[in-house]
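Quick note: the sequence shown uses our numbering, first residue 23, plus one each step.
Heads up, the thing below is written out as structure tokens.
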Amino acid sequence: MARSIWIYWLFLLGAVVFEVIGTSVMKLSQSGAWWLGPGPGLAVMLVFIALSYYCLALSVQGLPVGVAYAFWEGLGLTLITLVSVLALGERMSPVRLGALAAVLVGALLVNHGTGHGTDCGAAGNEGRRA
Numbered sequence: 023m024a025r026s027i028w029i030y031w032l033f034l035l036g037a038v039v040f041e042v043i044g045t046s047v048m049k050l051s052q053s054g055a056w057w058l059g060p061g062p063g064l065a066v067m068l069v070f071i072a073l074s075y076y077c078l079a080l081s082v083q084g085l086p087v088g089v090a091y092a093f094w095e096g097l098g099l100t101l102i103t104l105v106s107v108l109a110l111g112e113r114m115s116p117v118r119l120g121a122l123a124a125v126l127v128g129a130l131l132v133n134h135g136t137g138h139g140t141d142c143g144a145a146g147n148e149g150r151r152a
């Protein structure tokens, strides 16, 4: 039985969440705010980044890789920036805010311009010789 398209979106959302956690732990461990210190903090970061890539790999089994990657990077970048501003005390300039908006719009446009549930490879193989 084929999986519903929503399961691949859940894998992708998991990839984003793991990426945000891993990147946040990296910042905390290197800034001295992580109670375990930099070495163990980096080990924890590597686990979460590995989980992120694993979930991303699962998501592209049912989603176009360009859509998955744009969504993963766009939403991940936005959430990491929000965490850095709200939890880590970093500043948000108008230019940075505009750049984030452009990234989000780009990710949404890539997603909107892709037909879901179609076999993209089959269309490209028509008319080819064996």
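No residue lacks a Cβ here, since even glycine has one placed at the ideal position from N, Cα and C.
Just so we're clear, the structure is a prediction, and the values are computed from it rather than from any experiment.
Exposure label - residue i; buried when at least 16 CB within 10 Å
i, result
"residue 8", "Residue coverage of the chain in this structure runs from 23 to 152, which leaves residue 8 outside it and unanswerable."
"residue 96", "buried"
"residue 114", "exposed"
"residue 37", "buried"
"residue 27", "exposed"
"residue 32", "exposed"
"residue 104", "exposed"
Beta-carbon proximity check, residue i vs residue j, cutoff 9 Å
i, j, result
"residue 46", "residue 109", "yes"
"residue 85", "residue 35", "no"
"residue 67", "residue 81", "no"
Is the region 89-105 touching the region 123-133, taking contact as three or more C-beta pairs under 8 Å?
As far as the Cβ criterion goes, the region 89-105 touches the region 123-133, which means the pair count is three or higher.
Sequence ranges, alpha helix (DSSP H) only - wholly within the region 76-145, length at least 4
Within the region 76-145, the complete alpha helix (DSSP H) runs of at least 4 residues fall at 87-108, 116-134.
State whether the region 30-41 contacts the region 67-75, with contact taken as three or more CB pairs (one from each stretch) at a distance under 8 Å.
yes
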